[in-house]
Amino acid sequence: MSRKFRPTSLGSQSGIYSVRGSELARSGKTTPNQIRCVVELLDDSEFVIDIDKPSRGQTLLEAVFKHLDLLERHFFGLQYVADSPDNLQWLNSDKQIRKQLKRGPPYIFYFRVRFFASDPSKLSEDITRYQFYLQIKRDLLTGRLPCLYDTAAELASYVLQGELGDYDARIMHDCSYVSEFRFIPDQSEDFEERAAEFHKHHGGQSPADAEFNFLEVAKNLDLYGVDLHFAKDHDGLDLHIGISPLGLTVYHNRCKINFFPWSKVVKVCFKRKRFFVQIRPDWNEWTDNVIGFHMPTYRACKNLWKTCVEYHTFYRTHFPKPSNSKSSLVRIGSKYRYRGKTEYQALEEGRRQPRTEPRIVRTLSRRYSKRNDDGSRRRIDLDHIFDRDDTVFNDGAPNSTGINYSSSVPSNFDKMNHSLVRSKSLGVGDEIQMSRLKPALTPELQRNGSASQEGLMTVRMEPDDQGRFGFNVQGGADINLPVIVSKIARGMPADMCMPQLQEGDEIVHINGRIVKDLPHHEIVELIRTISKSNRRLLIMTIRPNVFTHSPRDGSPVHIVSPEQFTAAEHKHEQERNIAKQEKEKAPPKDTEALRVSMDQLRENLESGDLLVYFQELYRKKPGMSMEEARKPENLPKNRYRDILPYDDTRVTLCKGKNDYVNANYVSMKVPSRGVVNRYIAAQGPLEKTCGDFWQMVWEQEASLIIMLTTTVERGRVKCHQYWPEGEETLTFKNLEVICTKIRDFSPSYVYREMYVTDSKSLRSRVVVQLQYIAWPDHDVPDDSTDFLEFIHIVRHYREGTNTPTVLHCSAGVGRTGVLIFMETVFNMIEAAEPIFPLEIVRRMRDQRCSLIQTPGQFIFVLEALLRAYDGKAKKL
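Put into C-alpha cells, the structure is as follows:
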C-alpha cells in the first residue's frame with residue numbers, strides 16, 4: 001500500500017525538482033504561470049510569445065512593436081474576438097489580458113491599424129507606411145474598403161510595381177501575369193487589363209515609392225480610415241454608422257445619406273441598445289436635435305460609443321483631456337476616456353526621435369495559377385513568363401522547398417528566447433516564383449536596372465459623348481520633331497483631366513506605345529481608335545514643358561548720385577507723414593458690429609465650421625480663363641503648372657515682344673476709410689524671368705517689394721536671387737540694379753534698398769525690399785508675434801504711396817495670400833468694420849487663384865487676427 005501525502009507536506013522538503021515544468025519546457029509548452037499569445041500580423045505571418053499570466057495588454061503590445069521594429073506605434077493595436085466572430089474588440093493596454101479574453105488559451109490576437117493617419121506622407125518612417133499599405137491591401141481584398149473600378153486598378157498597379165518591379169514587355173507582354181494576384185473580391189479580366197495598363201507607367205519606382213503612391217491614392221477614398229458599425233433607424237431600416245476623423249456618417253446600401261461633423265456634435269451617449277447623437281442647432285433653430293439608432297446588442301452599442309470617444313480625442317485634440325482623479329462618489333454613465341497619444345502627439349513624437357531607417361523585408365503576396373483561354377485557372381507555366389536564360393536566385397538547393405522570405409523573421413531574437421515565429425505555408429510553385437522575383441524587391445537593383453523616368457507624368461482621360469478628347473498634337477517621326485500638345489480646347493476632357501494637360505507637353509507614350517517612332521498621321525489615328533474602342537481610356541505619359549535659361553543682357557552701368565537718393569527718401573517721408581495726419585483726424589467708429597463679428601469668428605473657429613467651409617471654397621473662380629499662361633511660349637515662365645494668372649487681372653508688360661509675367665493685380669478695398677490696398681501678387685522669379693520681374697516693377701512704378709520666402713528651402717530653389725549683393729550690379733536689358741543698403745533688423749526679416757536705373761532715359765528710382773525669413777517651410781509659424789510685427793513694418797512703408805506693392809513668395813498664392821489678408825483686416829479693425837474671413841478670401845481668389853493655399857495657413861491668419869483684435873481692444 002502506498003501512502004498518500006498531503007500536497008502541503010512536499011513543501012517542507014529540503015530539495016525540489018519540477019519534473020513537469022522541465023517536460024513542458026522540453027515540449028515547447030507554456031509553464032503553469034505563463035500564457036501563450038498568438039498574434040496574426042498584417043503579412044499573414046504569426047508571432048507567438050509566452051508571457052506571465054498577470055501581464056497587462058501593454059506588455060504584449062510592446063513585444064509586438066519590438067518584433068516589428070516600429071517607432072510610430074500609436075496608430076496600431078491588437079484585436080481579439082469577443083462574444084462572436086463578428087464582434088472584434090481592441091485590447092486594452094491597462095487591463096490584464098486574461099480578464100479581457102473569455103476564450104483560450106492560447107489567446108489569438110490580430111495586429112491591425114487602429115487609427116489611419118489623415119495624411120500618410122507625414123509619417124516619419126517607411127516601415128510605418130508599409131504596415132498601412134498592408135492593411136489597406138487587405139481591406140481592398142476583403143471588400144471592407146470599396147472603391148471605384150479604375151481606382152482599384154491603379155492601386156493594384158502599385159502593388160505590382162512594388163513586388164515585380166518595372167513593367168518588362170519581354171516577360172509581361174500580356175495581362176496574364178496580373179491574374180496570379182488577387183486585389184479585389186470580384187476580379188475580372190478587364191480589371192487585370194487595366195491594372196497592367198497602369199503598371200506600364202510606373203517605371204523607376206522602388207517598392208517604397210510604390211507604397212507611398214499607393215497610400216496617396218488610398219487616402220482619398222471615401223471610406224479611408226472609416227470604422228463602420230451596423231445599426232437600424234427607428235423604422236427598422238438597415239444602416240451603417242461610420243466614425244471618421246471628420247465626424248459621423250450614416251450609410252444606407254453603401255450610399256451616404258447623412259453626415260454630422262464633429263463641430264456640430266454636442267454629445268454622444270448610449271442607453272442599453274440605443275445610441276444617441278445630439279446635434280447643435282442651426283441659427284434658425286432653438287433646441288438641439290437628438291438622433292437615435294438601434295444597435296444589435298448592448299456590447300455593440302457601447303463599442304460604437306467608445307469608438308466615437310477615441311476618434312474624437314485622437315484626431316480633434318492636440319493633447320487629451322486629463323482624467324479627474326477626484327471623482328465623485330455617485331457617477332452616472334461610463335467613465336471611459338481615451339488615454340493614448342493623439343495624432344498630433346504621435347506625429348510630433350516621430351519627428352523628435354529620428355533614427356536610422358530600419359531595413360524592411362517585404363513579404364510577397366500569395367500567388368495563384370493563371371487563367372486558361374476559357375477563363376478557368378491553370379498551373380503557372382514558368383517558361384511562358386521567364387526566359388530559360390534568366391538567373392534563378394535561390395537561397396538553397398535548386399530543388400529545395402519551403403523557402404520563406406517573410407518579413408516576420410526577426411532580425412534578432414529576444415535574449416530570453418521565449419518567442420517564435422511561424423509563417424503560413426506557401427502554395428505549389430510559390431517558392432520558385434518567389435525566388436525568381438526576389439531581386440525585384442531590392443531598391444538598388446531596381447534603380448540600376450531601369451532607365452530613369454524622372455520628370456514624366458501620367459495623364460488619363462476619356463472622350464466626350466462625340467468621341468473627342470479636345471486637344472491637337474504636332475510633330476512625328478516623318479517630320480523629325482517630338483510629339484507636342486499644340487492646342488487644348490476649353491471645357492473638353494483634355495482641359496479638365498487631372499493632372500492637367502498643358503500646351504507644350506511632349507507625349508512619350510500613348511496607352512503604353514512609344515510614339516517617337518510613329519509618323520504624325522499614325523499618332524492621330526491611334527488616338528481616334530482609342531476614342532472608338534470599348535474601353536475609351538486614353539493614358540498618356542508626358543514630359544512637361546522644360547524650363548530653359550537664357551543669359552542676361554549686358555548693358556552699361558549708371559550710378560545714381562547721393563543727392564538724388566536723399567531727395568527721393570525725403571519725398572517718401574513727407575508722403576507718409578501726410579497720410580498719418582489724415583488717419584489721426586478720422587472720426588471714431590462704432591465698434592459693436594466688429595465685436596459681434598469677432599465673437600462669431602472665435603466661436604466658428606473653435607467649432608471647426610470655418611475650416612470646413614474654407615475647404616469647400618473654390619480655389620479658382622469659375623469662368624475665369626488662363627489662356628495666356630497656357631500658350632507654349634509662356635509655359636516655361638511658370639514656376640508651377642497649377643498656379644497660373646487669370647487673363648482678366650494679369651499684369652502685362654509694355655515693352656518687348658512678349659507681355660507675359662506670372663502676376664495678378666489684387667485690390668482690397670475698405671470703403672469706410674476710403675482705403676484701397678493695391679498689390680501685385682507674383683510668383684518668385686525664375687532665373688529666366690528676373691528681367692521680366694524688374695521690368696514689371698519699373699513699369700508699375702512700384703517702390704516696395706515684399707518677399708515672403710528664402711531662396712532655397714529643404715534643398716529646393718523657391719525663388720531665384722534677383723537682387724545684387726555687395727558692389728555687384730545686375731543688368732536686365734535697359735535696367736540696372738544695385739543694392740545700396742542692407743540691414744538685418746531682426747532674426748525675422750531683412751531690409752534692402754536698391755537703386756533701379758533706366759540706362760536709356762537715365763531715370764532712377766529707389767526700391768525697398770522687405771524679406772521675411774522666419775516662415776518655416778511646409779508649415780506656419782508657431783507664434784504670430786514676429787509676423788504681426790512684420791505687418792506693421794510693411795504698413796509703415798506703404799503709407800502715402802499710390803503705386804501697387806509687389807508681393808511674392810514662391811508660388812505667389814500661399815504666404816502671399818496670408819499677408820494680403822492680414823493687412824486688409826488690420827485696416828478693417830481700425831475702421832471698426834465687421835470681418836467675415838471667408839468673404840475676404842473669396843474676394844482675393846476672384847483676382848488670383850488659390851490665395852491662402854492650405855487649411856493650416858487659414859487657421860494661422862484667423863488666430864493672428866484674433867490676437868491683433870484683442871490687443872487693439874485692450875488699448876481702446
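Going by UniProt numbering, the first residue of the sequence shown is number 1, and it counts up by one from there. We put the beta carbon where it would ideally sit given N, CA and C, even for glycine. It should be emphasised that the depicted structure is a prediction, and the values quoted were computed from it without experimental measurement.
Secondary structure of Trp698 (DSSP, three-state): helix. Taking Leu862 as the centre and dropping the five residues before and after it, the same chain places the C-beta of Leu601, Leu605, Leu610, Pro837 closer than 8 Å to its C-beta, in chain order.
Val483 is a Cβ neighbour of Ile507, given a cutoff of 7 Å. Put simply, of Arg114, Leu41, Phe614, Trp262 the residue whose alpha carbon is nearest the alpha carbon of Phe76 is Arg114. Within the same chain, and ignoring the five residues on either side of Thr297 in sequence, the residues whose Cβ sits closer than 7 Å to its Cβ are Lys273. Rounded to whole angstroms, the separation of the alpha carbons of Met754 and Cys739 is 4 Å. Look at Lys271 here: in three-state DSSP terms it is strand. Ranking Ala210, Arg641, Leu304, Asp464 by CA distance to the CA of Leu501 puts Arg641 first.
Exclusion of the five residues before and after Ala346 leaves Glu72, His74, Phe75 as the residues of its chain whose Cβ lies within less than 7 Å of its Cβ.
Taking the Cβ atoms as the reference, Leu88 lies roughly 7 Å from Ala82, within the contact range of under 8 Å.
Burial is judged here by how many other beta carbons sit within 10 angstroms of a residue's own beta carbon; Phe259 has fewer than 16 and is exposed.
If you look at Tyr110, you'll find it in the beta strand (DSSP E) that goes 107-113. Under the three-state reduction of DSSP, Ala231 is assigned to strand. The beta carbons of Leu807 and Leu819 sit about 6 Å from each other, so the pair counts as a contact at 8 Å. Between Tyr665 and Thr652, the CB-CB gap reaches or exceeds 7 Å.
When DSSP reads this structure, Ala82 sits in no beta bridge, so it has no partner. Its Cα nearest to that of Leu456, the residue His202 stands out among His202, Asn220, Tyr311, Met492. Sequence-distant Cβ neighbours of Val676 in its own chain, meaning closer than 6 Å and more than five residues away, are Ser667, Lys669. Per the C-alpha coordinates, the member of Ala494, Ala477, Ser486, Gln474 positioned closest to Arg468 is Ala494. If one requires a minimum length of 3 residues, no beta strand (DSSP E) run lies completely within the stretch 115-175.
Secondary structure in the stretch 729-779: the beta strand (DSSP E) runs of 3 residues or longer, each lying completely within the stretch, are 729-732, 735-743, 749-758, 764-772 in chain order. Under the 8 Å Cβ criterion, the stretch 827-834 does not count as touching the stretch 713-731, having fewer than three qualifying pairs. Boundaries around Trp305 are those of the alpha helix (DSSP H), 298-316, since no beta strand (DSSP E) includes it. By the neighbour-count criterion, in which 16 or more other beta carbons inside 10 Å mark a residue as buried, Met496 falls on the exposed side. Taking Ile542 as the centre and dropping the five residues before and after it, the same chain places the C-beta of Met457, Val459, Asp505, Ile507 closer than 6 Å to its C-beta, in chain order. Using a 10 angstroms sphere on the CB of Val596, the tally of other CB atoms stays under 16, which defines it as exposed. Leu41 sits buried, since 16 or more C-beta atoms from the chains shown fall within 10 Å of its C-beta.
Closest in alpha carbon position to Val473, among Asp465, Asp464, Ile510, is Ile510. Proximity to Thr709 across Lys733, Leu770, Lys760, Ser761 peaks at Leu770, based on C-alpha coordinates.
If the five residues before and after Tyr158 are omitted, its C-beta is found closer than 6 Å to the C-beta atoms of Ala210, Asn213, Phe214, all from its own chain and listed in chain order.
Within the UniProt domain "Tyrosine specific protein phosphatases" (788-859), the runs of beta strand (DSSP E) that reach at least 3 residues and sit entirely inside it are, in chain order, 805-808. The C-alpha of Arg536 lies about 16 Å from the C-alpha of Phe471. Membership of Ala208 in any beta strand (DSSP E) is not indicated; the residue belongs instead to the alpha helix (DSSP H) covering 207-218.
With at least 16 other beta carbons inside 10 angstroms of its own, His199 counts as buried. Distance from the CA of Asp233 to the CA of Leu223, rounded to the nearest whole angstrom, comes to 21 Å. Within its own chain, the residues whose Cβ lies closer than 6 Å to the Cβ of Phe732, once the five positions on either side in sequence are excluded, are Gly691, Trp694, listed in chain order.
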